[in-house]
Amino acid sequence: EIIIGSVARRFVNAGMAVWWYAGKVFLPARLMAIYPRWRFDSPDLSEWLPLIALVLLIGLLWFFRSRDLRGGFVAAGYFVVALLPVIGLVRMAYLRSGTLVADHLQYFADVSLIALVCAGVTMLANRGRRELKTAIAVISILSIGVMGVCAWQRTQVLHDEESLWRDNLAKNPDAWQAHARLGQRFFRQEKYSDAIEHLRRAVELKPELPEDHNLLGLAYCRAEQFDQGIREYREAFRLKEAKPSTGQTASVATIRTNLANALTIVGNNLSNGAREIPAEAMRRYEEAIAQYEKALELEPNQPGIHRNLGILLARLGRYDEAKAHLRATLQIVPNEPAARETLEEIEAQLH
């Protein structure tokens, strides 16, 4: 859901955003990929001040446009107009992040203020005495050098994905996107404890995203914390089912399969060493079978689901059903070793 607030909040945020972007042009400090969240509730009276100041500034530049301020009016006007689509007056996808501002959204608008400063400095140097020209040249060279050093330092942050998101969290620890991206990265690296730490924080900050719950469930299961994993799978499934547009998709089949796999493993752990399958283990197995079957309704040609369901049914002695799913697996993937081995074991027992 994209939240932009009331009409009053939109104009208040727009005024603050314009000043924020202008500040970043002249003092690009504490840059980060994801900035802190903005407010989208009813504005306080004091929050109107940036918008009022902006209107007054534009008005003054217009009033004095015939005196050497015409360029200032054009530059300020261009800056504001170029930012209009991205300062919260209309809906845009980026607002899903919870913040209104981002460095890349201001590049097009920055040109006007940079050109204004350059023109002003050039005009001042042309009209000044030799000492002033020398001072301007020295300050300009030093400024360019400082900006070059800052840009070089920023490249260290952009060296790789982990550096970028760690820098982001150092400056904005509540950036759910940064936690989610780091969690994904650590999961791919099989650092499951680190993945769990960041994904858990991501779902705390942004609980409505089923993909993060699903990945957190996978991380828990890889870390052999199956009860926590099952809980996250259930939440991911609940969130997916709550959206009619996504309730019957391949991603739902994946979540159902992950849940079924975790339930099967828990059932196996509960029944290890037992002569008969305990009631609690059987309850987990039955739920796993139901989840596999519902997943197959969405993804009927998914060999992994057929294989896992066939192996589980074979474990429970339901051989006819097991053979049907194992043969379906081999029709799709003829050399699938687990399905072939289980099918051969069933045939050996029946003969």
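Quick note on this note's numbering: the sequence shown kicks off at -8 and runs consecutively. All C-beta atoms in this analysis are idealised placements derived from N, C-alpha and C, irrespective of residue type, glycine included. Quantities reported herein were computed from a predicted structural model and do not represent experimental measurements.
Check	Outcome
DSSP-derived helix/strand/coil call for P269	coil
Ordered list of alpha helix (DSSP H) runs contained in the stretch 40 to 121, each at least 4 residues	40 to 54, 61 to 74 and 98 to 118
Supposed close pair Y224, N205 - CB separation, criterion 8 Å	7 Å
For K15, the three-state DSSP class (helix, strand or coil)	helix
Nearest candidate by alpha-carbon position, reference N249, set I268, E271, P201 and A270	P201
Assigned secondary structure, V324 (DSSP; H/G/I helix, E/B strand, else coil)	coil
Alpha carbon of N259 to alpha carbon of T320, nearest angstrom	22 Å
Cβ pair F64, I43 closer than 9 Å	no
Proximal residues to L304 (C-beta, below 6 Å), its chain only, five neighbours per side dropped	E312 and A313
Secondary structure of P27, DSSP reduced to three states	coil
As assigned by DSSP and simplified to three states, the class of H170	helix
Nearest-angstrom beta carbon gap, E327 and P294 [assumed within contact, 8 Å]	6 Å
CA-to-CA distance, I296 to T245, given in whole angstroms	9 Å
Exposure of E226, with buried meaning 16 or more beta-carbon neighbours within 10 Å	buried
CB contact flag (R176, W156, <9 Å)	yes
Check whether Q97 and V16 have beta carbons under 9 Å apart	yes
Three or more C-beta pairs below 8 Å linking the stretch 0 to 8 and the stretch 78 to 86	yes
Beta-carbon spacing of R275, L254 below 9 Å	yes
Within 9 Å, strictly: CB atoms of V71 and V9	yes
Of the listed residues L45, E267 and Q168, nearest to L307 (C-alpha basis)	E267
Anticipated Cβ contact below 8 Å, R0 with S33, distance rounded	7 Å
Residues of its chain near I394, where Cβ-Cβ distance is below 7 Å and the 5 sequence neighbours each way are ignored	Because the chain is modelled from -8 through 342, residue 394 falls outside the range shown and cannot be assessed.
Which listed residue (E199, G14, D203 and H189) has its alpha carbon closest to that of D165	H189
R172 to W39 span [Cα, whole Å]	35 Å
A116 vs A128 beta-carbon contact at 9 Å	yes
Distance CB(A93)-CB(Y26) smaller than 9 Å	yes
Opening and closing residue of the alpha helix (DSSP H) in which N205 lies	P201 to R213
M333, buried or exposed, once every other Cβ within 10 Å from all chains shown has been counted against 16	Inspection of the sequence shows that residue 333 is occupied by Thr rather than by Met. Result: buried.
C-alpha distance - R380 paired with A66, whole-angstrom precision	Residue 380 is absent from the structure shown; the chain starts at -8 and stops at 342.
DSSP state of D32 mapped onto helix, strand, coil	coil
Contacting residues, own chain, Cβ-Cβ under 6 Å from D158 (five flanking each side not counted)	V148
Whether V46 touches Y69 by CB criterion (9 Å)	no
Reference A24, options I135, M114 and H170, closest by Cα	H170
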